[in-house]
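Asks:
Residue numbers (the working numbering): 5 to 211.
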């Protein structure tokens, strides 16, 4: 007579179920760790790419700024002994013609100088006449529009601005007043004739 097999004890079934649950948890945890690893790696790659891109963008912006600065010519001039103003040279920018526009009321026509020189003889008589009637010794400013041609990397550029010719007069016995030129100073980057006339109306002495 055969003996029928004994059914599994309840404790054994519970153990099997618990073991299966543990295996499922380990599988789920491994999947989470794997996905997290992929996400971290992807984040690291993105951060590295983003940093490099940001660095490249910054370098490009710096390069563009440096090139723009290098491409500019700033108008500056020095007064020489005879009262003329000669534009300062720039080793990076060969200079072309200088155009000088005076206030209309002064009665001096537009002047062009291929030697980048603002000659005192252009406006001396007109300025002394316009400022006559006051003290012999005076100091003032004559606004002018300046436009300079210059070269940069084989390309011709122009730069303009409203400038003041700083002058001084002194009396001389029997010879009238003497005009001396002190300096050239930037008044405004607004290079328009309207700005020039407005500046002259402010600087012209009232007699």
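All C-beta atoms, glycine included, are put in the ideal place defined by N, C-alpha and C.
Kindly provide the ranges of any alpha helix (DSSP H) runs that are 4 or more residues long and lie completely inside the region 77 to 147, ordered along the chain.
Replies: Counting whole runs of 4 or more residues, the region 77 to 147 contains the alpha helix (DSSP H) stretches 128 to 134.
Asks: What number of angstroms, rounded off, separates the C-alpha of residue 126 from the C-alpha of residue 58?
Replies: The straight-line gap from Cα to Cα measures roughly 55 Å.
Asks: To the nearest whole angstrom, what separates the beta carbons of residue 90 and residue 121, a pair I think is in contact under 8 Å?
Replies: The Cβ separation is near 5 Å, so the contact holds.
Asks: Are the CB atoms of residue 94 and residue 117 nearer to each other than 8 Å?
Replies: No, these two residues do not count as a Cβ contact at 8 Å.
Asks: If we call anything under 8 Å between Cβ atoms a contact, is residue 147 one with residue 132?
Replies: Cβ distance not < 8 Å, so residue 147 and residue 132 don't count as in contact.
Asks: Cβ of residue 99 within 8 Å of Cβ of residue 154?
Replies: The answer is yes: Cβ separation under 8 Å.
Asks: At the level of alpha carbons, what is the spacing between residue 38 and residue 56?
Replies: Taking the straight line from one Cα to the other gives about 27 Å.
Asks: Please classify residue 177 as buried or exposed, where buried requires at least 16 other C-beta atoms within 10 Å of its C-beta.
Replies: Exposed: under 16 other Cβ atoms inside 10 Å.
Asks: Going by other Cβ atoms of all chains shown within 10 Å of its Cβ, with 16 needed for buried, is residue 206 buried or exposed?
Replies: Classification for residue 206: exposed.
Asks: So residue 200 is in the beta strand (DSSP E); what residue range does that whole segment cover?
Replies: Here residue 200 belongs to no beta strand (DSSP E); instead the alpha helix (DSSP H) covers 197 to 207.
Asks: Excluding the five sequence neighbours on either side, which residues of its own chain have a C-beta within less than 8 Å of the C-beta of residue 182, listed in chain order?
Replies: 173, 174, 175, 176, listed in sequence order.
Asks: Only counting the same chain, and skipping five residues up and downstream in sequence, which positions put a Cβ closer than 7 Å to that of residue 201?
Replies: Counting only Cβ-Cβ distances below 7 Å, and skipping sequence neighbours, we find 107, 108.
Asks: Would residue 185 and residue 171 qualify as a contact pair, given that the criterion is a beta-carbon distance under 8 Å?
Replies: Closer than 8 Å, so yes.
Asks: Since residue 130 and residue 110 are thought to touch, with beta carbons under 8 Å apart, how far apart are those beta carbons, to the nearest angstrom?
Replies: Indeed, because the Cβ distance is near 5 Å, the residues count as touching under 8 Å.
Asks: If contacts are defined as beta-carbon pairs under 8 Å, then residue 150 and residue 104 qualify, I think. What distance do you get, rounded to the angstrom?
Replies: Confirmed, about 6 Å.
Asks: Under the three-state reduction of DSSP, which class applies to residue 55: helix, strand or coil?
Replies: Of the three classes helix, strand and coil, the one that applies to residue 55 here is helix, per DSSP.
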